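Using this note's numbering, the first residue of the sequence shown is number 52, and each one after it goes up by one.
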Amino acid sequence: MIKSKIHLNWYLWAFFMIFLATFIFVMYIVGTIIDMLNEKISLSYILIISFFIFLELVFVLVVKDFKYIAIDKQKNQLRYYSILKPFGKDLNFDDFDNKIKTSETSIRGEYEVIYLVKKGYTVFKISGLFYDNLKEIDSSIKLKRIYNYKFNLKLYLQLLFTGKIRIEEE
Numbered sequence: 052m053i054k055s056k057i058h059l060n061w062y063l064w065a066f067f068m069i070f071l072a073t074f075i076f077v078m079y080i081v082g083t084i085i086d087m088l089n090e091k092i093s094l095s096y097i098l099i100i101s102f103f104i105f106l107e108l109v110f111v112l113v114v115k116d117f118k119y120i121a122i123d124k125q126k127n128q129l130r131y132y133s134i135l136k137p138f139g140k141d142l143n144f145d146d147f148d149n150k151i152k153t154s155e156t157s158i159r160g161e162y163e164v165i166y167l168v169k170k171g172y173t174v175f176k177i178s179g180l181f182y183d184n185l186k187e188i189d190s191s192i193k194l195k196r197i198y199n200y201k202f203n204l205k206l207y208l209q210l211l212f213t214g215k216i217r218i219e220e221e
């Protein structure tokens, strides 16, 4: 059984963002509601709140892709736990057609991402941003890799934010 090994940097980043989210909620969101009720709110205050809400959205976009993964080679399945699936979910590799491997860019630099493809659509993302052993995870997924597929900026952004695009081989 292969289990994901999480980067230490991810734990530090997650702790910092949870602390920041709590601080933002208490100091700005609750404070804004109180100020709105007292009718004393300024434009600069709204801009600061908008900035922190934007940071929260970035946090949610990153956290939705974080998963703890365990791959059982004998059963040919992957079990993952995430914030959206705290009790876990099993995925059978026989249900998937292919996989693709691409790169994404963040503040930390470029990292690899594996997408599992089902009926021509990407449906599951394994991001190298979080794992020390992505190569081991990739080698244990016994699916045919698609190398040549249509890809452009629009599809990259759609894949980055939604995680789902149609894969058309060239």
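Ideal Cβ positions, reconstructed from N, Cα and C, are used throughout, including at glycine. Source: prediction; values computed, not measured.
* Close-in-space but distant-in-sequence residues of the same chain around residue 9 (CB under 7 Å, 5 per side omitted) -> What is shown of the chain runs 52 to 221, which leaves residue 9 out entirely.
* Asked: For residue 209, which residues from the same chain have a beta carbon less than 6 Å from its beta carbon, with the 5 sequence-adjacent residues on both sides left out?
  -> Mapped onto the sequence shown, residue 209 falls at position 158. The residues are 216.
* residue 111 versus residue 149 - alpha carbon distance -> Taking the first residue of the sequence shown as position 1, residue 111 is located at position 60. Taking the first residue of the sequence shown as position 1, residue 149 is located at position 98. When rounded, the distance between both Cα atoms is 28 Å.
* Outcome for residue 213 when other beta-carbon atoms lying within 10 angstroms are tallied against a minimum of 16 -> One-based indexing of the sequence shown puts residue 213 at position 162. The residue is exposed, with fewer than 16 neighbouring Cβ atoms inside 10 Å.
* Between the beta-carbon of residue 218 and the beta-carbon of residue 172, is there less than 8 Å? -> The residue given as residue 218 occupies position 167 in the sequence shown. The residue given as residue 172 occupies position 121 in the sequence shown. Cβ atoms of residue 218 and residue 172: closer than 8 Å.
* **C-beta atoms of residue 167 and residue 194 nearer than 8 Å** => In the sequence shown, residue 167 corresponds to position 116, counting from 1. In the sequence shown, residue 194 corresponds to position 143, counting from 1. Contact flag set, yes.
* To do: Might you give, ordered along the chain, the residues of its own chain that have their beta carbon closer than 6 Å to the beta carbon of residue 189, omitting 5 neighbours on each side?
  => Numbered from its first residue, the sequence shown carries residue 189 at position 138. Same-chain partners within the cutoff: 165.
* Asked: Which whole-angstrom value describes the C-beta separation of residue 125 and residue 143, a residue pair presumed to lie in contact below a C-beta threshold of 8 Å?
  -> Numbered from its first residue, the sequence shown carries residue 125 at position 74. Numbered from its first residue, the sequence shown carries residue 143 at position 92. The Cβ separation is near 12 Å, so there is no contact.
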